[in-house]
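J.: There's a structure below that I have some questions on.
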Amino acid sequence: AQSVTQLGSHVSVSEGALVLLRCNYSSSVPPYLFWYVQYPNQGLQLLLKYTSAATLVKGINGFEAEFKKSETSFHLTKPSAHMSDAAEYFCAVSVRKGAQKLVFGQGTRLTINP
Amino acid sequence: EAQVTQNPRYLITVTGKKLTVTCSQNMNHEYMSWYRQDPGLGLRQIYYSMNVEVTDKGDVPEGYKVSRKEKRNFPLILESPSPNQTSLYFCASSFASSYNEQFFGPGTRLTVL
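Chains as they are written, first to last, in my numbering: chain A, 3 to 116; chain B, 124 to 236.
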């Protein structure tokens, strides 16, 4: 069965510092991978997705993620954190070809220190 | 504006009192799904629907019902709510393919006393 593990339920960085949120997946077939962001009191919004094209995926708001098959990872990065990046981030893997079922990680809450 | 709407946004109820949370999308999506979000557990799928009159269980379906009579609507029904169903609920929709983005509603925070 597919699964997702996000390392670190809370991450805190200073404004301007590198953001690195870790995601490892388990899948018996080539996966589709997603990062979603949830701002306070809002639904989830897609940041970026990997669908077996380029392994380095660029998303909105300056975020990017690299698919590494050998490490079964899909870590999310941003070179310089902004206060507006404070939110909860979810990594998800899509399973079952022909059906859109997402399996989510536990989430990582990102705090930005001024 | 393309969106998924949910109502109500907040609901406090008592054990055993039937309730319905509505979900509607205006993007002509075939696929719709309900998730619940609990601290430390991420989002878990309750039920999903591939199209009108086609529904199936997700990972945590116990205590919930759904129906899909129209393409745009996918209500979630709790016939006899219990305190362990206190949670944040999200409806989502997408075109029916594994690589398509899911669009999420704003969430419904349910408290069952």
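Using N, Cα and C, we set each Cβ at its ideal position, and we do this for glycine too.
Owing to the predicted nature of the structure, the values given are computational and were not obtained by experimental measurement.
Specify whether the stretch 217-236 of chain B and the stretch 47-66 of chain A touch according to this definition: at least 3 beta carbon pairs, one from each stretch, less than 8 Å apart.
T.: Cβ pair count under 8 Å is three or more, so yes.
J.: Going by Cα to Cα distance, which pick from Thr143/B, Trp157/B, Gly230/B is closest to Asp182/B?
T.: Looking up residue 182/B in the second sequence gives position 59. Considering only alpha carbons, the answer is Trp157/B.
J.: Does the beta-carbon of Leu199/B have 16 or more other beta-carbons within 10 angstroms, so that it is buried, or is it exposed?
T.: Within the second sequence, residue 199/B is the residue found at index 76, counting from 1. Classification for Leu199/B: buried.
J.: Once you ignore the five residues that flank Leu9/A on each side, which residues in its own chain have a CB closer than 6 Å to its CB?
T.: Here the question's residue 9/A lines up with position 7 in the first sequence. So the qualifying residues of the chain are Arg24.
J.: Taking the Cβ atom as the reference point for each residue, do Tyr154/B and Met173/B lie within a distance shorter than 8 Å?
T.: Here residue 154/B is taken as the residue at index 31 of the second sequence, counted from 1. Here residue 173/B is taken as the residue at index 50 of the second sequence, counted from 1. Result yes, Cβ atoms of Tyr154/B and Met173/B sit closer than 8 Å.
J.: So which residues of chain B does Thr53/A contact, with C-beta pairs closer than 8 Å?
T.: Translated into the one-based positions of the first sequence, residue 53/A becomes position 51. The answer, in chain order, is Tyr222.
J.: Using C-beta distances below 6 Å, list every residue in its chain close to Lys103/A, excluding the 5 sequence neighbours before and after it, in chain order.
T.: Position 101 of the first sequence, counted from the start, is the residue given in the question as residue 103/A. Excluding sequence neighbours, Lys103/A sits near Val97.
J.: Does Phe197/B get closer than 8 Å to chain A when you measure Cβ to Cβ?
T.: Locating residue 197/B in the second sequence gives position 74, counting from the first residue. It does not: the Cβ of Phe197/B has no partner Cβ on chain A nearer than 8 Å.
J.: Output the boundary residues of the beta strand (DSSP E) element that contains Gln44/A.
T.: Walking along the first sequence from the start, residue 44/A turns up at place 42. That residue, Gln44/A, is in no beta strand (DSSP E); it is neither H nor E in DSSP.
J.: Smallest Cα separation from Gln44/A: which of Gly228/B, His152/B, Thr234/B?
T.: Translated into positions along the first sequence, residue 44/A becomes position 42. Ranking Gly228/B, His152/B, Thr234/B by Cα distance to Gln44/A puts Gly228/B first.
J.: Using a Cβ-Cβ distance under 8 Å, would Tyr171/B count as near chain A?
T.: Numbered from its first residue, the second sequence carries residue 171/B at position 48. Yes, contact with chain A.
J.: For a contact defined as C-beta to C-beta under 7 Å, what are the partners of Leu164/B on chain A?
T.: Here residue 164/B corresponds to residue number 41 of the second sequence, with the count starting at 1. Going along chain A in sequence order, the residues near Leu164/B (Cβ under 7 Å) are Gln108.
J.: Which residues share a DSSP beta bridge with Tyr34/A?
T.: Taking the first sequence and counting its residues from 1, one reaches residue 34/A at position 32. According to DSSP, which records beta bridges pairwise, Tyr34/A is partnered with Ser96/A.
J.: What residue from Ser5/A, Asn115/A, Leu35/A has the CA that sits closest to His84/A's CA?
T.: Mapped onto the first sequence, residue 84/A falls at position 82. When only C-alpha atoms are compared, the closest one is Asn115/A.
J.: Compare the Cα-Cα distances from Leu211/B to each of Leu164/B, Glu176/B, Glu202/B and report the closest residue.
T.: Counting from one through the second sequence, the residue named residue 211/B turns up at place 88. Ranking Leu164/B, Glu176/B, Glu202/B by Cα distance to Leu211/B puts Leu164/B first.
J.: What's the gap between the Cα of Tyr34/A and the Cα of Val105/A?
T.: As a position in the first sequence, residue 34/A is number 32, starting the count at 1. As a position in the first sequence, residue 105/A is number 103, starting the count at 1. Going from the Cα of Tyr34/A to the Cα of Val105/A covers about 11 Å.
J.: Cβ closer than 9 Å: which chain A residues qualify as neighbours of Gly228/B?
T.: One-based indexing of the second sequence puts residue 228/B at position 105. Gly45, listed in chain order.
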